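Take a look at the structure below.
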């Protein structure tokens, strides 16, 4: 079996490493457009404790403790400088995205999987020339997303809010959601620690607030100082830090009606992206990867059957994920409408925003349970 994986992110790396363990004789090549050191983002939220939770990619690493992951079991909502605390109900894991990806890449290389960096995007003719049995497109999402076939052209929708993914040395010991009234409008921060030294600090606001505050005309350094001042109380006067090249943007939701065409299959954010406010992006990558491993391993003699099996199993979960993410995104886009509520009231509204949908964690658990039955 000759497999090409496009994109050395969580979804592609998980698929490559797990299918290689089951089939050591297969040839797997991974190509990545960025250089070896480039990785976007700060911390990510993962489910459960490694090495015990199968949806946590750290569970598949030999030395997961080296990543300095932080475990969180409390949720804190701050509104009008008043806070409400409650249990998250489950254990969550904050981990540095860059370290996690490096560890997954090291795992792949230890299994004799070749990763090639700074590679140009391949076209259909190049992929056909190399005679790949399977091409896994797991190159994430960007505002210039490339698709390989007309049948896999995504539906793209942009949210109304602007957001920025910051890091901060201020350690948030809980999953934090902070609503902040400002003279220019309402700012919302999503924060949690992901190492013993750093926290993620994602900030979002309406387009009107973005422009009225002057953020649209600020340099990155000016924007950092402005946001640090807006949230100075919660940050304990600590700074926020932007990664070079990252800009305030509208969230891009990318969706598909099917997961494959011919021998080309989509995985991770390349298949379905979802708003950061529900925190399931990396989990979806792991579940999708394990489902693809199951289908390809089980039907390795017939890739058409394998990919149709994967499509039938993964798309209902992706659509449920999309529904949860969309409702959550819309709720945050109307955050200013909830600012009159008391802290307990807004906490209740937040908790109930997705109550009309089937529970996502249970659906993911069932899918992963099936996928891991070899």
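Numbering (this note's numbering), first residue to last: 10 to 383. For each residue, glycine too, the CB sits at the ideal point set by N, CA and C. Just so we're clear, the structure is a prediction, and the values are computed from it rather than from any experiment.
Query: Residue 262 versus residue 283 - alpha carbon distance; Result: 6 Å
Query: Helix, strand or coil at residue 122 according to DSSP, with G and I counted as helix; Result: coil
Query: Straight-line Cα distance separating residue 87 from residue 305; Result: 46 Å
Query: Of the listed residues 188, 219 and 251, nearest to residue 208 (C-alpha basis); Result: 251
Query: Sequence ranges, beta strand (DSSP E) only - wholly within the segment 162–234, length at least 3; Result: 164–177, 184–191, 194–202 and 208–214
Query: Distance, residue 233 Cα to residue 84 Cα; Result: 25 Å
Query: Range of the contiguous beta strand (DSSP E) that encloses residue 96; Result: 91–105
Query: When 181, 216, 256 and 210 are compared against residue 231, the one with the closest alpha-carbon; Result: 256
Query: Contacting residues, own chain, Cβ-Cβ under 6 Å from residue 100 (five flanking each side not counted); Result: 57, 58, 80 and 82
Query: 7 Å Cβ shell around residue 300 - same chain, five flanking residues per side excluded; Result: 319, 322, 323, 376 and 380
Query: Residue 297 beta carbon less than 9 Å from that of residue 280; Result: yes
Query: Status (buried if at least 16 other CB within 10 Å, exposed otherwise) for residue 366; Result: exposed
Query: Buried versus exposed, by CB contacts within 10 Å (16 or more), residue 24; Result: buried
Query: Cβ pair residue 9, residue 338 closer than 9 Å; Result: Look at the range of the chain in this structure, 10 to 383, and you will see that residue 9 is not part of it.
Query: Touching by the beta-carbon criterion (3+ pairs, under 8 Å), the segment 46–53 and the segment 194–204; Result: yes
Query: Continuous alpha helix (DSSP H) assignments of at least 4 residues falling wholly in the segment 327–377; Result: 352–361
Query: Reduced DSSP category for residue 80 - H, G, I as helix; E, B as strand; rest coil; Result: strand
Query: Nonlocal neighbours in the same chain, by C-beta distance under 6 Å from residue 126, ignoring five residues either side; Result: 41, 44 and 45
Query: Contact set for residue 188: own chain, Cβ-Cβ below 6 Å, skip 5 residues either direction; Result: 88 and 197
Query: Inter-residue spacing [alpha-carbon to alpha-carbon] between residue 271 and residue 316; Result: 9 Å
Query: Proximal residues to residue 334 (C-beta, below 6 Å), its chain only, five neighbours per side dropped; Result: 283, 284 and 287
Query: Alpha-carbon to alpha-carbon, residue 29 and residue 75; Result: 24 Å
Query: Euclidean distance between Cα positions of residue 141 and residue 16; Result: 16 Å
Query: For residue 305, the first and last residue of its enclosing beta strand (DSSP E); Result: Element bounds for residue 305: not the beta strand (DSSP E) but the alpha helix (DSSP H), 290–307.
Query: Alpha-carbon to alpha-carbon, residue 310 and residue 12; Result: 14 Å
Query: Option in 328, 291, 191 and 111 with minimal Cα separation from residue 102; Result: 291
Query: Span of the beta strand (DSSP E) around residue 261; Result: 258–264
Query: Residue 210 burial status per 10 Å Cβ neighbour count (16 or more: buried); Result: buried
Query: Three-way DSSP call (helix, strand, coil) for residue 49 in this model; Result: coil
Query: Span separating the alpha-carbon of residue 27 from that of residue 124; Result: 15 Å
Query: Beta-carbon proximity list for residue 363, same chain, < 7 Å, skipping 5 on both sides; Result: 333, 336 and 337
Query: CB contact flag (residue 168, residue 259, <9 Å); Result: yes
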